[in-house]
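A.B. asks: For the sequence shown, my numbering begins at 4 and goes up steadily by one.
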Amino acid sequence: MVVIGIAMLQGARHAHMAAIQRAAAELSMDIEIIELRTMEDLETHPIDALMLPGGESTVMRLRGNDAASQLLPSLYEWMRENESRPVLATCAGAILLADPQDGGEPLVDAEIDRNAFGSQADSFESSLDCGFPGVFIRAPRFGEVRDMVECTLSGEVVGVRRGNRIALTFHPELSDDSRYHRMLLEACV
Numbered sequence: 004m005v006v007i008g009i010a011m012l013q014g015a016r017h018a019h020m021a022a023i024q025r026a027a028a029e030l031s032m033d034i035e036i037i038e039l040r041t042m043e044d045l046e047t048h049p050i051d052a053l054m055l056p057g058g059e060s061t062v063m064r065l066r067g068n069d070a071a072s073q074l075l076p077s078l079y080e081w082m083r084e085n086e087s088r089p090v091l092a093t094c095a096g097a098i099l100l101a102d103p104q105d106g107g108e109p110l111v112d113a114e115i116d117r118n119a120f121g122s123q124a125d126s127f128e129s130s131l132d133c134g135f136p137g138v139f140i141r142a143p144r145f146g147e148v149r150d151m152v153e154c155t156l157s158g159e160v161v162g163v164r165r166g167n168r169i170a171l172t173f174h175p176e177l178s179d180d181s182r183y184h185r186m187l188l189e190a191c192v
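(1) For the beta strand (DSSP E) that contains M54, what are its first and last residues?
(2) Is it true that the CB of I169 sits closer than 9 Å to the CB of V90?
(3) Which residue from G67, S87, S157 puts its Cα closest to that of E189?
(4) Within 10 Å of its beta-carbon, does P49 have 16 or more other beta-carbons around it, so buried, or fewer, so exposed?
(5) Grab me the residues of S126's own chain with a C-beta within less than 7 Å of its C-beta, minus the 5 sequence neighbours each way, in chain order.
(6) For F1, list the residues DSSP reports as bridge partners.
(7) Who pairs with M69 in a beta bridge, going by DSSP?
(8) For D116, list the residues DSSP reports as bridge partners.
(9) Quick check on the DSSP output: the beta strand (DSSP E) that includes R149 runs from which residue to which?
(10) Using the Cα positions of P136 and P175, report the straight-line distance between them to the nearest angstrom.
(11) On a CA-only basis, which of I7, T172, M20 is nearest D116? Give me that one, please.
(12) Within 9 Å (strictly less), CB to CB, does L45 reach chain D?
(13) Which term fits T61, buried or exposed, when burial requires 16 or more other beta carbons within 10 angstroms of its beta carbon?
(14) On the three-state DSSP scale, how would you describe E35?
(15) Using three-state DSSP, classify R40 as helix, strand or coil.
(16) The beta strand (DSSP E) with R164 in it runs from where to where?
(17) Going along the chain, which residues of its own chain have a beta-carbon closer than 8 Å to the beta-carbon of Q24, five neighbours each way excluded?
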């Protein structure tokens, strides 16, 4: 059984859970989803992969670094302990990987700019160059990318990859295509 941890800091967590369950069914894979709210959740429930949903990165940092939670430092430590551990980070989750602001090295090597696609009113959906339906909500933009490009929108990088870590500026959980959630599960096998 593959155990997936979902950081319950903010964002479309339940949509990600549904997408992971759909991906597991497509792969005929047994999974367990662990909701991670505090560092104790991570310590008591060993996970094989991490889902870092979107939301608002400042709020996620405040919640995740709160003395009662300490989830974010624990997740950074978990990722840095073993670079091959699978991680899927979307929107604000991609910001946390590219710019962790914890004194450690970035977890993907790409510059990122918060809300660079515009405000909530500027949200949009578009077919990506990789054939994926991209949903962009107050999305960040990648600047200079030094890791592998995973996906683009009209030539602009919207997804980067470092080994088993994938950071996307869009929301794959809001589409019916479970490709990226399948990739997260397949990286565990």
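Glycine residues also receive a C-beta, built at the ideal position from the N, C-alpha and C atoms. Here the structure is a predicted model, which means the values were calculated and not measured.
C.D. replies: This is what the structure gives:
(1) One-based indexing of the sequence shown puts residue 54 at position 51. Per DSSP, M54 belongs to the beta strand (DSSP E) from 52-55.
(2) In the sequence shown, residue 90 corresponds to position 87, counting from 1. In the sequence shown, residue 169 corresponds to position 166, counting from 1. Going by C-beta atoms, V90 is nearer than 9 Å to I169.
(3) Walking along the sequence shown from the start, residue 189 turns up at place 186. Here the closest residue by C-alpha is S87.
(4) The count along the sequence shown starts at 1 and reaches residue 49 at position 46. Looking at its Cβ environment, which holds fewer than 16 other Cβ atoms inside 10 Å, P49 is exposed.
(5) Counting from one through the sequence shown, the residue named residue 126 turns up at place 123. Cβ neighbours of S126 beyond the five flanking positions: F139, I140, R141.
(6) Residue coverage of the chain in this structure runs from 4 to 192, which leaves residue 1 outside it and unanswerable.
(7) Locating residue 69 in the sequence shown gives position 66, counting from the first residue. The sequence given here places Asp at residue 69; Met does not occur at that position. D69 is not bridged to any residue.
(8) Mapped onto the sequence shown, residue 116 falls at position 113. For D116, which the question treats as bridged, DSSP gives the partners R144.
(9) Counting from 1 along the sequence shown, the entry for residue 149 is found at position 146. That residue, R149, is in no beta strand (DSSP E); it is neither H nor E in DSSP.
(10) Position 133 of the sequence shown, counted from the start, is the residue given in the question as residue 136. Position 172 of the sequence shown, counted from the start, is the residue given in the question as residue 175. Their Cα atoms are separated by approximately 8 Å.
(11) Numbered from its first residue, the sequence shown carries residue 116 at position 113. Among I7, T172, M20, the Cα nearest to that of D116 is on T172.
(12) Looking at the structure shown, chain D is missing, and only one protein chain is on hand.
(13) If you number the sequence shown from 1, residue 61 lands on position 58. That one is exposed.
(14) As a first step, residue 35 is located in the sequence shown; it is residue number 32 there, counting from the start. Three-state DSSP puts E35 in a strand.
(15) Translated into positions along the sequence shown, residue 40 becomes position 37. In the structure shown, R40 sits in coil (DSSP, three-state: anything other than H, G, I, E or B).
(16) Position 161 of the sequence shown, counted from the first residue, corresponds to residue 164. That run of the beta strand (DSSP E) goes 159-165.
(17) Sequence index remark: in the sequence shown, residue 24 carries index 21 (1-based). Result list for Q24: I34, I36, in chain order.
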